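Chains A and B supply the protein sequences, listed in that same order. The first sequence runs 19 to 118 under our numbering. The second sequence runs -3 to 489 under our numbering. Note that beta-carbon positions come from the ideal geometry of N, C-alpha and C, so glycine has one too. Please read these numbers as outputs of a predicted model, since none were measured by experiment. Data first, discussion second: the structure below is written as structure tokens.
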Amino acid sequence: MITNEEVQKISRLAKLKFNDSQISELATQLTNIMDMIDDLNEVDCKDVQPLTSVCDTKLLLRKDEVTQNDISDELFSNVSGKSADLAREIKCFIVPKVIE
Amino acid sequence: MKELIKLNISDALAGLNNKDFTASELNNAHIDQAIKYKHLNVFITETFDRAVAQAKIADENYLKGQARSLEGIPVSVKDLFCTKGVRSTSASKALYNFIPTYESKVSANIAEQGAVMLGKVNMDEFAMGSSNLTSYFGKVISPWKALNDPKELVPGGSSGGSSAAVSAYIAMAALGSDTGGSVRQPAAYTGTVGIKPTYGRCSRWGMIAFASSLDQAGVLTRTTEDAALMLEAMMGWDERDSTSLNLPVPELRSATKGSVKGMKVGVPTELMRNANIDPEIIKMWQNSIEIMKAEGAEIINIELPHSKHALATYYVIAPAEASSNLARYDGIRYGNREEVEGMNIDEMYELNRSASFGDEVKRRIMIGTYVLSSAFMDAYYLKAQKMRRLISNDFKMAFENVDVIMLPSAPTAAFGIDDKPSNPVTMYLNDIFTIPPSLAGLPCISVPAALSSNGLPLGMQIVGRTLDEYNTLKAAAAIERGCKNINFVPRGF
């Protein structure tokens, strides 16, 4: 059973905002989903190694080398909102003030 | 000669080589069909002008005798593949204005072989759904309708624009992606072929991520031979994807002409007893067994005892990975940005994300955040990863005795657009047959294998051993041959 308070707590962690009726609806829906997921409790997995990747091979690492020239124009091409032009001009992503 | 739009890729390539028609004529015929069936809402972004220009280049290459393996073939591309200079949205408001400055490896691979892109097709938002009802750009309507029933049907999902495009003869093939069944289930719903290779065969570079340990590119076509042709062009190692497999690309086309005599086909009979499966699906399954027997294959009963826990396992792992992958959508560097004067940064994140994601995506982010939260990490996420091991081991054991496994692609035929269930779990049950092999990273294909009593297509799924796309295609082609007298064409097309 997932309560409205738990939904509020998770939504803060997920950086999502919901109104009161959405929170109640989500509490019901997430409870239904978690009830289905609780089916995992039927199996004892105590001595089982978790499977994090289906790739049997060792993940390859590449050399840390510069392979691209200055692509800052490309990086800023998709900035949107009121401050987009300024962001492109000064080549900085613009956010509300975070340091007092 | 057949109408140009009705040709298979292999026939079209022969016709182009033979100068029976030009790539421009072939592409223009498909563009006309796309315009005629615009109400199906297949495309998010059409790129017809670009297609016309590409077709002209293809024509020149045919004249010069320099045609490549897919020269001039009109295809559509699911909108989660980033395409350089062409808007790529993953069907989300979060990316409604996103124009990539780079090209996904898979779409680049088919373009290098001369395929012509007609446009970017619709899908469930961020590939989360089985109906194409969660797209920010509206639902896709299947070209199929049941006998004597005017109700509009879903094309399946999440690659619903891809399946509708191929079954409505708008494209000869469509790139899709498959995380838990998103190529195979829409293929089953629309009478098309849908294949996903072994995890790691196709590079994920430039594919907008949903659940990274499961996401794999796939393709929808109208025949198994076309699926083989497309997949050969799509696959290949890419150093920019650390899970990409550095292996030679196998030749696949000959598989669809090969005999299955002596092939050992595993059937998980305990799944047949599941009460939630439509009796018509069971009938198709039994009929497919008879087809394989008649082709000389040996049928062997197998057990996949942990597959019944696959849905629960998937709905922990996929949302957990999704909640991490989708954390990047904050509206600051790209995508939809909303802001109100005086907001602090946390308020801005919340506003942007709440305004940009649809209900299903938010629900999955919430589940993912919950199962990854410190109090529940071991109980859910770690437990699901352990269960994934058991499910994968079941397949490994089964493949000690069989070459391929045969089970349905979906538990029912396509459902109505207005039949959306209120409980999300009901929708999730659509993927009960496709999720287990996805968790094991195995190659799988859905091939049309029957029409239901009300005239809708049903799909059979073949699952192969790791890296054995060849036998997967070979078995699917045997079913295709056994069903050659069934007309998998939507009425009116």
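- Inclusion of SER405 of chain B and SER442 of chain B in the CB contact set at 8 Å is warranted, their separation being smaller than that value.
- By the Cβ neighbour-count rule, MET231 of chain B is buried, with 16 or more other Cβ atoms within 10 Å of its own.
- Between GLY354 of chain B and chain A, the shortest Cβ-Cβ separation is not below 8 Å.
- Of the other Cβ atoms in all chains shown, 16 or more fall within 10 Å of the Cβ of ILE298 of chain B; this residue is therefore buried.
- Boundaries of the beta strand (DSSP E) around ILE191 of chain B: 189 to 192.
- For ALA308 of chain B, the neighbours in chain A by C-beta distance under 8 Å run, in chain order, MET54, ILE55, ASP56, ASP57 and LEU58.
- For THR365 of chain B, the neighbours in chain A by C-beta distance under 9 Å run, in chain order, ILE28, SER29, LEU31, ALA32 and LEU34.
- Straight-line spacing of the CA atoms in SER6 of chain B and GLU235 of chain B works out to 31 Å.
- Sequence-ordered contacts of the segment 368 to 401 of chain B with chain A read SER369, TYR376, LEU378, LYS379, ALA380, GLN381, LYS382, MET383, ARG384, ARG385, LEU386 and SER388 [C-beta pairs closer than 7 Å].
- Taking 9 Å as the cut-off between beta carbons, the residues of the segment 67 to 82 of chain A near chain B are GLN67, PRO68, LEU69, THR70, SER71, VAL72, CYS73, ASP74, THR75, LEU77, LEU78, LEU79 and ARG80, in sequence order.
- When 7 Å is used as the limit between beta carbons, GLN47 of chain A is near these residues of chain B: ARG359 and PRO420, in chain order.
- In the DSSP assignment, GLY172 of chain B falls outside any alpha helix (DSSP H) and within the unbroken beta strand (DSSP E) covering 169 to 174.
- Taking 8 Å as the cut-off, the Cβ atoms of PHE39 of chain B and GLY157 of chain B count as close.
- In terms of beta-carbon proximity, GLY460 of chain B stays away from the interface with chain A, with every pair separated by 8 Å or more.
- At a cut-off of 8 Å between C-beta atoms, ASN96 of chain A counts as an interface residue with respect to chain B.
- For the pair PHE489 of chain B and PRO139 of chain B, the CB atoms are nearer than the 8 Å cut-off.
- Taking a Cβ-Cβ threshold of 7 Å, the residues of chain B close to ILE51 of chain A are TYR311, ILE363, PRO420 and VAL421, in chain order.
- With contacts defined by Cβ atoms closer than 8 Å, SER178 of chain B and SER154 of chain B form a contacting pair.
- Using a 10 angstroms sphere on the CB of ALA380 of chain B, the tally of other CB atoms reaches 16 or more, which defines it as buried.
- Taking C-beta atoms as the reference points, ALA87 of chain B and SER131 of chain B count as a pair closer than 8 Å.
- Closest in alpha carbon position to VAL71 of chain B, among B:MET226, B:TRP233, B:ASN37 and B:ASP120, is B:MET226.
- Secondary structure of ALA446 of chain B (DSSP, three-state): strand.
- Of all residues in the segment 226 to 250 of chain B, the ones placed with a Cβ closer than 8 Å to any Cβ belonging to chain A are GLU235, SER238, THR239, LEU241 and ASN242, in chain order.
- Among the residues facing chain B, GLU107 of chain A is not included, as its CB has no counterpart in that chain under 8 Å away.
- Contact annotation: ARG64 of chain B and GLY11 of chain B have beta-carbon atoms that are not nearer than 8 Å.
- Contact between ARG218 of chain B and ASN397 of chain B does not hold, since their C-beta atoms are separated by about 33 Å, which reaches or exceeds 8 Å.
- Linking LEU78 of chain A to LEU454 of chain B through their CA atoms gives a straight-line distance of about 41 Å.
- Residue environment: PRO146 of chain B is assigned as exposed (fewer than 16 neighbouring CB atoms within 10 Å of its CB, all protein chains considered).
- In the structure shown, the three-state DSSP call for GLU294 of chain B is strand.
- Counting only the Cα atoms, VAL263 of chain B lies some 10 Å from LEU300 of chain B.
- Within its own chain, the residues whose Cβ lies closer than 6 Å to the Cβ of MET344 of chain B, once the five positions on either side in sequence are excluded, are GLU335, listed in chain order.
- Runs of the alpha helix (DSSP H) lying entirely within the segment 303 to 336 of chain B, each at least 4 residues long, are 306 to 321 in chain order.
- Chain A has no Cβ within less than 8 Å of the Cβ of GLY68 of chain B.
- In the DSSP assignment, PHE429 of chain B falls outside any alpha helix (DSSP H), carrying neither H nor E.
- For the 8 Å CB-CB criterion, TYR325 of chain B and ALA123 of chain B do not form a contact.
- Ranking B:ARG359, B:THR85 and B:ASN144 by CA distance to the CA of PHE133 of chain B puts B:THR85 first.
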